[in-house]
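J.: Numbering of the sequence shown is given in full-length UniProt numbering, commencing with residue 1 and proceeding in unit increments. The structure follows.
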Amino acid sequence: MFGERLRSLREHQELSQGEAAQKLGIIQNTYSRYERGIREPDYATLKKIANFYGVSIDYLLGNDDPSIEDDLTDLENILMNGRYTIYAHFPADDEREMLRDLLRVIYRRK
1 MFGERLRSLR EHQELSQGEA AQKLGIIQNT YSRYERGIRE PDYATLKKIA NFYGVSIDYL
61 LGNDDPSIED DLTDLENILM NGRYTIYAHF PADDEREMLR DLLRVIYRRK
């Protein structure tokens, strides 16, 4: 499950294994082994990977419903990058950040 999700996240970012490994400070061969399920990362590396891709460790390990994570990612993208109004004005950066945090709390309770 971990390897499949890792590969999916990398491909979604349109990164090669080498690019992803370099950005994470991991040897490409090691990253490849993670994706193929031959090797598993330690906790520190798992945390680094989760932060890099913007997902939870639970999601990487297959303990979260991917549809919830996908929905949250879509909503975050709309909030942070979309053109929408709240009470007829575009939200300021701090308002967007508060909305994003609120969405995270709501989705984590499901």
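All C-beta atoms, glycine included, are put in the ideal place defined by N, C-alpha and C.
How would you label R5, buried or exposed, when you count the other beta carbons within 10 angstroms and need 16 or more for buried?
T.: If you number the sequence shown from 1, residue 5 lands on position 5. By the 10 Å Cβ count, R5 comes out buried.
J.: Along the chain, where does the alpha helix (DSSP H) containing G18 start, and where does it finish?
T.: Mapped onto the sequence shown, residue 18 falls at position 18. From DSSP, the alpha helix (DSSP H) with G18 extends over 17-24.
J.: Using the rule of at least 16 other Cβ atoms within 10 Å of the residue's Cβ for burial, across every protein chain shown, is Y34 buried or exposed?
T.: Within the sequence shown, residue 34 is the residue found at index 34, counting from 1. It counts as buried.
J.: Determine the DSSP secondary structure at S8, reduced to helix, strand or coil.
T.: For the purposes of this step, residue 8 is taken as the residue at position 8 of the sequence shown. Helix at S8.
J.: Using the C-alpha atoms, what's the distance from T30 back to R39?
T.: Position 39 of the sequence shown, counted from the first residue, corresponds to residue 39. Position 30 of the sequence shown, counted from the first residue, corresponds to residue 30. R39 and T30: Cα-Cα distance of roughly 8 Å.
J.: Between the alpha carbons of L24 and F52, how many angstroms are there, rounded?
T.: Your numbering for residue 24 matches position 24 in the sequence shown. Your numbering for residue 52 matches position 52 in the sequence shown. Rounded to the nearest angstrom, the two C-alpha atoms are 7 Å apart.
J.: Sort Q22, K48, V55 by Cα distance to S8 and report the nearest one.
T.: Looking up residue 8 in the sequence shown gives position 8. Closest option to S8, Cα to Cα, is V55.
J.: Within the continuous alpha helix (DSSP H) that includes A44, where are the two ends?
T.: Here the question's residue 44 lines up with position 44 in the sequence shown. 43-53 is the extent of the alpha helix (DSSP H) around A44.
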